[in-house]
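**Q** For the sequence shown, UniProt numbering begins at 1 and goes up steadily by one.
Here it is: the structure, laid out below.
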Amino acid sequence: MQFERNEVFTVKQVADRLKVHRSTVYRAVKSGELSALKFGTTSKGALRLPGWAVNAWLSECFETAYAQFVEGDQSPELADADGSETVEVA
């Protein structure tokens, strides 16, 4: 799954497309894993996600999952058992 590099997306658009909750995307922004643009100076400023940043974040997510589940000894079933969200890749 790829996002158009030169477009910007809302948190809702990214969350809907990835079939995850918006809070998952917000957590990635807050932790610094996902770069975002904020327009406006108030706390209610508009947050936008560049396509290139979303693609980089997804790539990192795939690499982490590969390391944990293919190279490592963590089971995908155990990871899902804690209630964490998963992403289906089309």
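All residues carry an ideal CB built from backbone N, CA and C; glycine is no exception.
(1) Mind checking L67: buried by the 16 CB within 10 Å criterion, or exposed?
(2) Here's the rule I'm using: 16 or more other beta-carbon atoms within 10 Å means buried, otherwise exposed. How should K38 be labelled?
(3) The alpha helix (DSSP H) with K38 in it runs from where to where?
(4) Flag this pair as yes or no: are the beta carbons of S35 and A46 separated by less than 9 Å?
(5) Report yes if the CB atom of V11 is closer than 9 Å to the CB atom of V25, and no otherwise.
(6) DSSP state of residue 102, grouped into three classes?
**A** In this structure, then:
(1) Indexing the sequence shown from 1 puts residue 67 at position 67. With the sequence shown as reference, residue 67 is identified as Ala, and Leu is not the correct amino acid for it. A67 is exposed by the Cβ-count criterion.
(2) As a first step, residue 38 must be located in the sequence shown, where it is residue number 38. So K38 ends up on the exposed side.
(3) As a first step, residue 38 is located in the sequence shown; it is residue number 38 there, counting from the start. Counting along the chain, K38 falls outside any alpha helix (DSSP H), though it belongs to the beta strand (DSSP E) covering L37 to F39.
(4) Taking the sequence shown and counting its residues from 1, one reaches residue 35 at position 35. Taking the sequence shown and counting its residues from 1, one reaches residue 46 at position 46. For S35 and A46, no; Cβs fall outside 9 Å.
(5) Here residue 11 refers to the residue found at position 11 when the sequence shown is read from its first residue. Here residue 25 refers to the residue found at position 25 when the sequence shown is read from its first residue. Yes.
(6) The structure shown has nothing for residue 102, since the chain only spans 1 to 90.
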